[in-house]
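Asks:
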Amino acid sequence: MEKVRRENYTAMDKARDLIDSVIRKGHQASQIFINQIVEVDPQLAHNLGLS
1 MEKVRRENYT
11 AMDKARDLID
21 SVIRKGHQAS
31 QIFINQIVEV
41 DPQLAHNLGL
51 S
């Protein structure tokens with residue numbers, strides 16, 4: 001069952017897990033993550049309202 005779940009794991013699921021993980025780590029980790037998004041992909045940052 002777990003193998004089937006992993007095979008059906010989408011990019012959206014992975015992104016959700018990453019963001020949830022960063023949020024659990026606290027404010028500083030969240031700010032670092034946001035800063036990296038702004039630096040690496042300014043258009044995404046703009047679309048997300050981060051810049």
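Numbering (UniProt numbering) for the sequence shown: 1 to 51.
Glycine is no exception: its CB is placed at the ideal position from the N, C-alpha and C atoms.
Just the C-alpha distance for VAL22 and ILE32, rounded to the nearest angstrom, thanks.
Replies: As a working mapping, residue 22 is identified with position 22 in the sequence shown. As a working mapping, residue 32 is identified with position 32 in the sequence shown. Roughly 9 Å between the two C-alpha positions.
Asks: Out of curiosity, what's the CA-to-CA distance linking ASP41 and GLU7?
Replies: Numbered from 1 along the sequence shown, position 41 holds the residue referred to as residue 41. Numbered from 1 along the sequence shown, position 7 holds the residue referred to as residue 7. Cα-Cα distance, rounded: 28 Å.
Asks: With H, G and I counted as helix, E and B as strand and the rest as coil, what does DSSP make of LEU50?
Replies: On the sequence shown, residue 50 is found 50 positions in, with the first residue counted as 1. If DSSP states are grouped into helix, strand and coil, LEU50 belongs with coil.
Asks: Please report how far the alpha carbon of HIS46 lies from the alpha carbon of ILE37, in whole angstroms.
Replies: Walking along the sequence shown from the start, residue 46 turns up at place 46. Walking along the sequence shown from the start, residue 37 turns up at place 37. The alpha-carbon atoms of HIS46 and ILE37 are separated by roughly 10 Å.
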